[in-house]
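Enquirer:
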Amino acid sequence: MLGRRNTNFMQLCISGFFILWQGIKCPVCSKFVPPDDVECHLVMCLTKPRIIYNEDVLVEDKGECVICLEELTQGDTIARLPCLCIYHKVCIDAWFKVNRSCPEHPLD
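Residues in the sequence shown are numbered consecutively from 1, following UniProt numbering.
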């Protein structure tokens with residue numbers, strides 16, 4: 001029994017997962033998942049296919065890459081996602097090693 005302790009602030013670290021009163025933080029998507037749904041969520045998160053993108057070379061400057069915060073300039077090799085967001089190809093490749101969605105549209 002936890003008695004009068006404030007369990008909202010209790011954290012335990014088990015195998016790299018942070019267990020909070022609300023659930024477990026997924027190491028893939030960083031969402032909090034209820035303890036009863038962890039196994040199903042992890043399977044879905046780990047087997048979700050990566051986004052396919054078109055590789056291209058910029059013909060004109062296009063603003064800022066929101067991953068590295070550097071300018072997207074003419075001649076840069078970019079990746080254009082299905083949502084039409086563009087990033088430096090090396091940036092999105094590194095992003096996809098950890099995440100499986102667009103940095104600007106994580107719920108799509």
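Cβ coordinates follow ideal geometry from the N, Cα and C atoms, glycine included.
So for I86, helix, strand or coil by DSSP?
Expert: I86: strand per DSSP, three-state reduction.
Enquirer: Taking the beta strand (DSSP E) that E39 belongs to, which residues open and close that run?
Expert: Run containing E39: none in the beta strand (DSSP E); it sits in the alpha helix (DSSP H), 38 to 47.
Enquirer: Give the DSSP bridge partners of V57, in chain order.
Expert: BP columns for V57 point to T77.
Enquirer: Out of curiosity, what's the CA-to-CA distance linking P34 and L58?
Expert: Taking the straight line from one Cα to the other gives about 43 Å.
Enquirer: Are the stretch 86 to 102 and the stretch 62 to 77 in contact at 8 Å, needing three or more beta carbon pairs?
Expert: Because the criterion of three Cβ pairs below 8 Å is met, the stretch 86 to 102 and the stretch 62 to 77 touch.
Enquirer: On the three-state DSSP scale, how would you describe I92?
Expert: Of the three classes helix, strand and coil, the one that applies to I92 here is helix, per DSSP.
Enquirer: Where do the N-terminal and C-terminal ends of the beta strand (DSSP E) with K25 fall, by residue?
Expert: Where K25 is concerned, the enclosing beta strand (DSSP E) stretches over 23 to 25.
Enquirer: For a test of your reading of the model: does the CB of V90 fall under 8 Å from any non-hydrogen atom of the ligand MG? Yes or no.
Expert: Ligands are entirely absent from the displayed structure, and the ligand MG is therefore not among its contents.
Enquirer: Could you check whether C102 and C68 sit closer than 9 Å to each other, using their CB atoms as the reference points?
Expert: No, the Cβ-Cβ distance between C68 and C102 is not below 9 Å.
Enquirer: For R80, which residues of its own chain have a beta-carbon under 7 Å away from its beta-carbon, when the five flanking residues on both sides are left out?
Expert: So the list reads Y53, N54, D56, I86, once near-sequence residues are dropped.
Enquirer: On the premise that I24 lies in contact with V38, defined as a C-beta separation below 8 Å, what is that separation, rounded to the nearest angstrom?
Expert: Contact holds; Cβ gap of about 5 Å.
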